[in-house]
Amino acid sequence: MSFFLKILSEENRLRLLKELSKKENCVCDLVKSTKLSQSLISHHIADLKDFGLIKGREVGPRTYYSLTRKGQKVVQILGEVEV
25 MSFFLKILSE ENRLRLLKEL SKKENCVCDL VKSTKLSQSL ISHHIADLKD FGLIKGREVG
85 PRTYYSLTRK GQKVVQILGE VEV
């Protein structure tokens with residue numbers, strides 16, 4: 025339960041999860057789509073990786089992030105309870 029509360033406690037993490045549920049993105053694409061700073065996105069990406077909700081795939085100098093199965097389930101649950 026505290027796991028979900030920690031995720032829900034930060035709106036920007038939720039925004040990133042929703043963006044990543046649409047498609048795989050690099051930080052530079054997430055900056056454009058969310059209008060958040062690169063440093064803030066990188067901070068939340070690290071948290072989401074630590075939670076096991078996203079994974080990274082390196083392509084040249086960039087890392088592309090996508091949801092893990094656990095992340096997909098969390099996004100699905102959040103979508104069901106969203107008002």
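One rule links them: number in my numbering = place in the sequence shown (from 1) + 24. For each residue, glycine too, the CB sits at the ideal point set by N, CA and C.
1. Would you say I65 touches the ligand ZN, meaning its beta carbon is less than 8 Å from a heavy atom?
2. Per the contact definition of three or more C-beta pairs closer than 8 Å, is the segment 56–67 in contact with the segment 77–92?
3. Look at the alpha carbon of K47 and the alpha carbon of L29, and state the distance between them as a whole number of angstroms.
4. Check for me: the beta strand (DSSP E) holding S90 runs from which residue to which?
5. Which residue wins for smallest C-alpha separation from R86, given the options I101, C50 and S45?
In terms of the structure at hand:
1. The ligand ZN is absent from the structure shown, which contains no ligand whatsoever.
2. no
3. For the purposes of this step, residue 47 is taken as residue 23 along the sequence shown, with counting starting at 1. For the purposes of this step, residue 29 is taken as residue 5 along the sequence shown, with counting starting at 1. K47 and L29: Cα-Cα distance of roughly 25 Å.
4. For this step, residue 90 is matched to residue 66 along the sequence shown. Bounds of the beta strand (DSSP E) holding S90 are R86 to L91.
5. Reading the sequence shown from its first residue, position 62 is the one you call residue 86. If we check each option's Cα against that of R86, C50 comes out closest.
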